[in-house]
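J.: First, the structure itself, so that you have it in front of you.
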């Protein structure tokens with residue numbers, strides 16, 4: 001019997017009686033990270049990193065699950081040994097390692113090998129079966145240096161000091177990484193935030209992530225021409241609203257790995273596409289598969305067929321999982337300039353207005369900087385919530401008696417900054 005089975009709810013461990021990142025409410029869920037396409041509300045019990053539980057509470061309210069337990073070391077669940085390991089994707093993100101009967105399985109969740117000062121770096125975990133994402137799982141996807149992309153933004157700011165530079169970035173992960181990239185390039189001015197980003201940035205700061213001076217992107221009165229020469233971060237969906245039109249000759253920028261696709265940049269009306277991703281590109285995906293030592297690879301949510309084909313050319317067993325529900329999140333922006341909080345009960349990761357979709361049969365997308373075409377399904381869009389966050393209430397930590405597993409010892413929190 002396989003340790004994991006694909007089901008309509010997501011990956012299921014029958015012996016442990018739990019799902020991993022289920023797309024609908026289940027009795028027991030292990031969550032890799034708090035992006036809404038992986039972390040839904042309504043489960044009976046949730047096991048995740050402390051940071052992931054906290055962020056889910058910020059987004060959904062304290063009662064997002066019947067029971068909540070923070071992963072603090074290896075645990076036994078129904079005879080399956082489970083541990084969490086940093087994934088490098090966003091704060092609190094983790095790979096989940098399962099072991100039983102000498103078989104080791106690692107479920108990557110979303111991950112990146114690129115340095116990300118907003119969270120702990122990716123940890124390579126040897127395994128027999130590796131379940132990997134494939135968001136950018138085509139050979140054409142090779143991400144540029146994020147520092148160089150950030151310098152392009154600063155060069156534009158210097159060239160057009162009379163214009164407000166609006167940078168589209170998802171609220172969890174991308175926004176904080178953009179801030180850290182700007183600080184690394186010596187930008188020490190206040191960075192202005194749409195209200196939808198404020199609470200998650202405050203949580204990162206409370207976790208020891210040094211974001212530097214931040215300010216609300218508040219516009220006094222109803223006039224236009226606000227914040228010339230400043231950088232404003234906002235969820236991408238905010239750019240279609242009147243909110244964005246009040247700034248000084250706004251220059252629209254978007255930070256996403258999908259900005260490498262010219263058609264996507266044009267769709268977003270991006271004046272300055274910034275190719276900055278929190279996912280692995282093709283070289284990082286193939287390197288990681290090789291370095292895990294896995295003899296079998298399962299590929300999910302992305303360009304599955306291309307990566308499966310590559311694995312088979314390397315002599316590895318490989319299969320596409322065809323799981324449904326891991327795609328772009330709703331761009332749920334609260335009403336008002338400051339990003340009013342929305343009803344957390346309604347914010348469950350379902351599709352919503354402003355969704356950044358990839359056509360189901362995207363077989364010929366142009367890719368910036370290359371003459372190659374995307375030969376197959378280019379995968380789900382760069383994931384990450386950009387919704388307004390509900391008022392934060394700390395996630396409960398029921399401990400071993402109230403959670404879903406017995407703790408087997410301490411471990412480094414996967415979401416803590418390195």
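Residue numbers (UniProt numbering): 1 to 418.
For glycine and all other residues, C-beta sits at the position ideal for the given N, C-alpha and C.
Please go through the stretch 17-83 and give each complete beta strand (DSSP E) segment of 3 or more residues, from N-terminal end onward.
T.: As far as the stretch 17-83 is concerned, its whole beta strand (DSSP E) runs of at least 3 residues are 18-20, 28-30, 43-48, 65-70, 75-77.
J.: Quick one, which of 250, 74, 257 has its alpha-carbon nearest residue 239's?
T.: As a first step, residue 239 is located in the chain shown; it is residue number 239 there, counting from the start. Residue 239 has its Cα closest to that of 250, out of 250, 74, 257.
J.: Consult DSSP for residue 95 and reduce its assignment to one of helix, strand or coil.
T.: Here residue 95 is taken as the residue at index 95 of the chain shown, counted from 1. Of the three classes helix, strand and coil, the one that applies to residue 95 here is strand, per DSSP.
J.: Name the one or two DSSP bridge partners that residue 86 has.
T.: Reading the chain shown from its first residue, position 86 is the one you call residue 86. Answer by DSSP bridge pairing, in chain order: 94.
J.: Under DSSP, the alpha helix (DSSP H) around residue 195 begins and ends at which residues?
T.: Along the chain shown, read from residue 1 onward, the residue named residue 195 stands at position 195. Taken as a continuous stretch (DSSP letters only), the alpha helix (DSSP H) holding residue 195 covers 195-206.
J.: Give the secondary structure of residue 345 by DSSP, where H, G and I count as helix, E and B as strand, and everything else as coil.
T.: To locate residue 345, count along the chain shown from 1; it is residue 345. Residue placement at residue 345 is poorly supported in this model, since its pLDDT is 29, which falls under 50; the coordinates still yield a value, given next. Residue 345 carries a helical assignment under DSSP once its states are collapsed to helix, strand and coil.
J.: Considering only residues of the same chain and omitting the five flanking positions on each side of residue 3, which have a CB-CB separation below 8 Å?
T.: Counting from 1 along the chain shown, the entry for residue 3 is found at position 3. Result list for residue 3: 13, 15, 80, 98, 100, 103, 105, 129, in chain order.
J.: Ordered along the chain, which non-local residues of its own chain (more than five positions away) have a Cβ less than 6 Å from that of residue 19?
T.: Taking the chain shown and counting its residues from 1, one reaches residue 19 at position 19. Closer than 6 Å at the Cβ level, and outside the excluded window around residue 19, lie 9, 10, 12, 26, 29.
J.: Could you say which of 184, 87, 317, 48 lies nearest to residue 64 if we only look at CA atoms?
T.: Position 64 of the chain shown, counted from the first residue, corresponds to residue 64. Ranking the options by Cα distance to residue 64, first place goes to 48.
J.: Can you find a CB in chain B that lies within less than 9 Å of the CB of residue 146?
T.: Although the question refers to chain B, the structure presented lacks it and comprises just one protein chain.
J.: In this structure, does DSSP put residue 231 in helix, strand or coil?
T.: The residue given as residue 231 occupies position 231 in the chain shown. In the structure shown, residue 231 sits in a strand (DSSP, three-state: E or B).
J.: What is the DSSP secondary structure of residue 300, counted as helix, strand or coil?
T.: One-based indexing of the chain shown puts residue 300 at position 300. Three-state DSSP puts residue 300 in a strand.
J.: On the three-state DSSP scale, how would you describe residue 340?
T.: On the chain shown, residue 340 is found 340 positions in, with the first residue counted as 1. With a pLDDT of 31 at residue 340, under the threshold of 50, the modelled position of that residue is not reliable, and the figure given next carries that caveat. If DSSP states are grouped into helix, strand and coil, residue 340 belongs with coil.
J.: Pull the bridge partners of residue 453 from the DSSP assignment, please.
T.: This structure leaves residue 453 out entirely; the chain is present only between 1 and 418.
J.: Grab me the residues of residue 189's own chain with a C-beta within less than 8 Å of its C-beta, minus the 5 sequence neighbours each way, in chain order.
T.: Along the chain shown, one-based indexing puts residue 189 at 189. Within the same chain, residue 189 has close Cβ partners 213, 230, 231.
J.: Which residues does DSSP pair with residue 262 in a beta bridge?
T.: Translated into the one-based positions of the chain shown, residue 262 becomes position 262. Paired residue(s): none; residue 262 is not in a bridge.
J.: Mind checking residue 174: buried by the 16 CB within 10 Å criterion, or exposed?
T.: Here residue 174 refers to the residue found at position 174 when the chain shown is read from its first residue. Residue 174 is buried by the Cβ-count criterion.
J.: Go through its chain and collect everything with a Cβ distance to residue 311's Cβ below 6 Å, but skip five positions before and after it.
T.: The sequence position of residue 311 within the chain shown is 311, counting from 1. Around residue 311: 297, 318.
J.: Tell me whether the stretch 257-265 and the stretch 276-285 touch, counting them as touching only if at least three CB pairs, one residue from each stretch, are closer than 8 Å.
T.: yes
J.: Do residue 44 and residue 67 come within 9 Å of each other at the CB atom, strictly closer than that value?
T.: Here residue 67 refers to the residue found at position 67 of the chain shown. Here residue 44 refers to the residue found at position 44 of the chain shown. Yes, the Cβ-Cβ distance between residue 67 and residue 44 is below 9 Å.
J.: Let me check one thing: in DSSP terms, what residues is residue 253 bridge-paired to?
T.: To locate residue 253, count along the chain shown from 1; it is residue 253. Paired residues: 167, 272.
J.: Identify the residues that DSSP records as bridge partners of residue 130: which are they?
T.: As a first step, residue 130 must be located in the chain shown, where it is residue number 130. Residue 130 is bridged to 106, 297.
J.: Return the residue from the list 144, 38, 143, 57 that minimises the CA-CA distance to residue 95.
T.: Numbered from its first residue, the chain shown carries residue 95 at position 95. Closest in alpha carbon position to residue 95, among 144, 38, 143, 57, is 38.
J.: Going by Cα to Cα distance, which pick from 285, 253, 282 is closest to residue 271?
T.: Working through the chain shown from its first residue, we reach residue 271 at position 271. With distances taken between Cα atoms, residue 271 lies closest to 253.
J.: Since I believe residue 126 is in contact with residue 292 (beta carbons under 8 Å), could you give me their beta-carbon distance rounded to a whole number of angstroms?
T.: Counted from its first residue, the chain shown places residue 292 at position 292. Counted from its first residue, the chain shown places residue 126 at position 126. Correct: roughly 6 Å between the Cβ atoms.
J.: Do you know offhand how far residue 181's Cα is from residue 156's?
T.: One-based indexing of the chain shown puts residue 181 at position 181. One-based indexing of the chain shown puts residue 156 at position 156. Taking the straight line joining both Cα atoms gives about 16 Å.
J.: Have a look at residue 164 and residue 217 and give me their C-alpha separation to the nearest angstrom.
T.: Position 164 of the chain shown, counted from the first residue, corresponds to residue 164. Position 217 of the chain shown, counted from the first residue, corresponds to residue 217. Taking the straight line joining both Cα atoms gives about 11 Å.
J.: The alpha helix (DSSP H) that contains residue 181, what's its start and end?
T.: Within the chain shown, the letter at position 181 stands for residue 181. Residues 174-184.
J.: Mapping DSSP to helix, strand and coil, what is residue 279?
T.: For this step, residue 279 is matched to residue 279 along the chain shown. Correct three-state label for residue 279: coil.
J.: Can you tell me where the alpha helix (DSSP H) holding residue 123 begins and where it ends?
T.: Numbered from 1 along the chain shown, position 123 holds the residue referred to as residue 123. Unbroken run through residue 123: none, as it is neither H nor E.
J.: Do you know how far the Cα of residue 234 is from the Cα of residue 191?
T.: If you number the chain shown from 1, residue 191 lands on position 191. If you number the chain shown from 1, residue 234 lands on position 234. So the two alpha carbons sit approximately 11 Å from each other.
J.: Taking all protein chains shown into account, decide if residue 22 is buried (16 or more other Cβ within 10 angstroms of its Cβ) or exposed.
T.: Here residue 22 refers to the residue found at position 22 when the chain shown is read from its first residue. Buried, by the Cβ-count rule.
J.: For the putative contact between residue 142 and residue 283, defined by C-beta atoms under 8 Å, what is the C-beta separation to the nearest angstrom?
T.: Here residue 142 is taken as the residue at index 142 of the chain shown, counted from 1. Here residue 283 is taken as the residue at index 283 of the chain shown, counted from 1. Between residue 142 and residue 283, the beta carbon gap of about 6 Å places them in contact (Cβ cut-off 8 Å).
J.: Do residue 168 and residue 262 have their C-beta atoms within less than 9 Å of each other?
T.: Numbered from its first residue, the chain shown carries residue 168 at position 168. Numbered from its first residue, the chain shown carries residue 262 at position 262. Result no, Cβ atoms of residue 168 and residue 262 do not sit closer than 9 Å.
J.: Kindly indicate which three-state DSSP category residue 363 falls into: helix, strand or coil?
T.: For the purposes of this step, residue 363 is taken as residue 363 along the chain shown, with counting starting at 1. Annotation note: pLDDT 30 at residue 363 (below 50); position unreliable, coordinate value reported separately. Residue 363: coil per DSSP, three-state reduction.
J.: If I follow the unbroken beta strand (DSSP E) through residue 216, where does it start and stop?
T.: Here residue 216 refers to the residue found at position 216 when the chain shown is read from its first residue. 214-216 is the extent of the beta strand (DSSP E) around residue 216.
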